[in-house]
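The structure appears right after this line, and notes come after that.
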Amino acid sequence: DTGVSQNPRHKITKRGQNVTFRCDPISEHNRLYWYRQTLGQGPEFLTYFQNEAQLEKSRLLSDRFSAERPKGSFSTLEIQRTEQGDSAMYLCASSLNEKLFFGSGTQLSVL
Amino acid sequence: GNSVTQMEGPVTLSEEAFLTINCTYTATGYPSLFWYVQYPGEGLQLLLKATKADDKGSNKGFEATYRKETTSFHLEKGSVQVSDSAVYFCALSEARGKLQFGAGTQVVVTP
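This is the structure we're talking about:
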């Protein structure tokens, strides 16, 4: 499968714990995006990488959130001290141009 | 800022009925416009796109025309199938390839 891969598919955690998600983009794609989607809403942009450089972060991305793409390939999104409001589907997408390819997402539930 | 507004769902149709999902946008400049589809349990997939005024995007029997004068990009299909049941998202492009999504419209097609 050469699509965008996200792991884990589901994550259940207790409030206050840290969680980390991984995204493996399509191999030749230099652009990588993280989005968040809550029930009944469209995806909301969180952050953007071009190769290993994080070029933009949304105001939605509080200080508890950090993302990396150390070698310009896979990316990780970490949430520290999770809150119930962080419960959502976290989507990763990659692209070479205007066409974004999305992964199936990581569903986070904070209890 | 930019925004996308699409009709609320769910939209329930019988097989072979005509489908229209309305989408209007607010944007500075002339963004590209997209329709993405999310089938149950899957990631978002690009359905079609249009890059300038009066362009028509089409795919799998779906069509949408970029109307600058009405700032709209309505999605249509002449004869839906049960397999078209999904959530449909209208989106516009922003800087760095980011997408601004609408809230999504669930479509349910019954046999």
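Sequences listed follow chains A and B, in order. So the first sequence is residues 14 to 124, counted in our numbering. So the second sequence is residues 10 to 120, counted in our numbering. Positions of the beta carbon are idealized from the N, C-alpha and C atoms, including for glycine. In this text the structure is predicted, and so the values were computed from the model without any measurement.
| query | result |
| --- | --- |
| Quick check on this structure: which residue in B:Trp44, B:Glu24, B:Lys86 and B:Glu17 has the alpha carbon closest to the alpha carbon of Gln109 (chain B)? | B:Trp44 |
| Just to confirm the assignment, what range does the beta strand (DSSP E) spanning Lys24 (chain A) have? | His23 to Thr26 |
| Express the C-alpha separation of Gly106 (chain B) and Ser107 (chain A) in angstroms, rounding to a whole number. | 10 Å |
| Mapping the DSSP letters down to three states, classify Gly50 (chain B) as helix, strand or coil. | coil |
| So, is Leu59 (chain A) buried or exposed, given that buried needs 16 or more other C-beta atoms within 10 angstroms? | buried |
| Which one of A:Gly118, A:Ser18, A:Arg28 and A:Phe78 has the shortest CA to CA distance from Ser40 (chain A)? | A:Ser18 |
| In chain B, which residues lie with their C-beta within 7 Å of the C-beta of Gly118 (chain A)? | Gly52 |
| What are the uninterrupted segments assigned as beta strand (DSSP E) that are 3 or more residues long and contained completely in the segment 58-97 of chain B, given in chain order? | 65-68, 71-74 and 84-86 |
| Counting only beta-carbon separations shorter than 8 Å, does Lys65 (chain B) have a partner in chain A? | no |
| Which residues, in chain order, does the segment 43-56 of chain A contribute to contact with chain B at a C-beta distance below 9 Å? | Arg44, Tyr46, Tyr48, Gln50, Gly53, Gln54, Gly55 and Pro56 |
| For Thr18 (chain B) and Phe62 (chain A), I'd like the C-alpha separation in whole angstroms. | In the sequence on display, residue 18 (chain B) carries Gly and not Thr. Between Gly18 (chain B) and Phe62 (chain A), the C-alpha separation is close to 33 Å. |
| Please give the ranges of any alpha helix (DSSP H) in the segment 45-100 of chain A, keeping only runs that are unbroken, at least 4 residues long and fully inside the region. | none |
| In chain A, what lies closer than 9 Å to Phe27 (chain B) by C-beta? | Ordered by position in chain A, no residue passes the 9 Å Cβ test against Phe27 (chain B), which lies about 24 Å from the chain. |
| Give the C-beta separation of Cys32 (chain B) and Ser81 (chain B) to the nearest angstrom, bearing in mind that I take them to be a contact with Cβ-Cβ under 8 Å. | 6 Å |
| Checking 8 Å against the spacing of the C-beta atoms, do Arg35 (chain A) and Thr89 (chain A) come in under that value? | yes |
| What residues match up with Leu113 (chain A) in a beta bridge as DSSP calls it? | None; Leu113 (chain A) has no bridge partner. |
| By DSSP, does Ala26 (chain B) sit in helix, in strand, or in coil? | coil |
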